[in-house]
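Report on the structure given below.
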């Protein structure tokens with residue numbers, strides 16, 4: 001009897017955790033700060049881990065996800081002009097970029113009511129920002145997505161869904177980097193100190209030009225009448 005109660009309690013706990021995972025979503029972009037950060041990519045930029053997933057599925061999914069997500073991340077950075085570099089290792093470097101994926105198979109014997117082909121997965125993307133450890137400010141970038149996914153209900157493998165979310169987070173990263181590192185034309189059209197200074201300088205130049213022009217006209221008129 002005690003064994004049955006412990007088993008039921010374990011399953012209830014598992015279902016609670018699974019529900020919590022299913023309610024999570026993308027987060028973290030608003031608090032990110034990538035001013036002046038050059039992103040650092042290395043061979044470990046994309047990391048995939050599995051739990052309770054059959055070995056034959058892992059052998060298929062791991063290389064597929066690593067290749068697809070590396071390509072999506074690299075393409076997003078290149079297309080949006082994000083400043084980045086490649087190194088043999090970015091460990092401890094400012095701008096270290098990590099996309100981490102975790103996939104867990106929900107065994108229906110423990111996760112009652114979820115069917116045969118249900119997985120929980122988490123996709124996260126983080127960048128180590130300058131001065132984060134020293135100033136304790138919210139520097140860098142952090143965003144992620146977690147949910148439960150049934151292959152039976154959608155008829156799409158989890159590899160495809162995770163790849164799409166990885167690309168979505170990569171686009172979030174590039175948007176934040178562009179926001180924090182605007183080009184000169186973008187800085188000129190944004191309200192701020194630079195725009196105010198340039199506008200003031202333009203007004204001064206126009207005033208000086210007007211004064212000079214008036215003096216030249218008067219001098220020309222005096223010469224013609226003399």
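Numbering (this note's numbering), first residue to last: 1 to 226.
All residues carry an ideal CB built from backbone N, CA and C; glycine is no exception.
The way I'd put it, the segment 72 to 91 does touch the segment 166 to 174; three or more beta-carbon pairs between them come closer than 8 Å.
Counting only the Cα atoms, residue 182 lies some 43 Å from residue 57. The segment 113 to 120 makes contact with the segment 136 to 153; the number of CB pairs closer than 8 Å reaches 3 or more. Just measuring C-alpha positions, the residue of 80, 128 and 82 sitting nearest residue 94 is 128. DSSP places residue 64 in the uninterrupted alpha helix (DSSP H) bounded by 55 to 79.
For residue 163, the enclosing alpha helix (DSSP H) has its first and last residue at 158 to 180. Between residue 83 and residue 177, the C-beta spacing is below 9 Å.
Residue 103 and residue 35 have their C-alpha atoms roughly 32 Å apart. With a cutoff of 9 Å on beta-carbon distance, residue 88 and residue 33 are scored as not near each other.
Our two residues, residue 60 and residue 67, have alpha carbons roughly 12 Å apart in a direct line. Judged by DSSP in its simplified three-state form, residue 93 adopts coil rather than helix or strand. According to DSSP, residue pairing for residue 101 in a beta bridge involves 48 and 123. In the structure shown, the three-state DSSP call for residue 118 is strand. In summary, residue 184 is exposed, with fewer than 16 beta-carbon neighbours lying within 10 Å of its beta-carbon over all protein chains present. Within the DSSP bridge table, the entry for residue 86 names 41 as partners. DSSP places residue 153 in the helix class (H, G or I) of the three-state scheme. With 16 or more other CB atoms across the displayed protein chains lying within 10 angstroms of its CB, residue 96 is buried. The beta carbon of residue 72 sits closer than 8 Å to those of 163, 166, 167 and 170, all from its chain and outside the five residues before and after it, given in chain order.
For residue 141, the closest C-alpha among the options 147, 125 and 148 is that of 125. The C-alpha of residue 179 is placed about 36 Å away from the C-alpha of residue 209.
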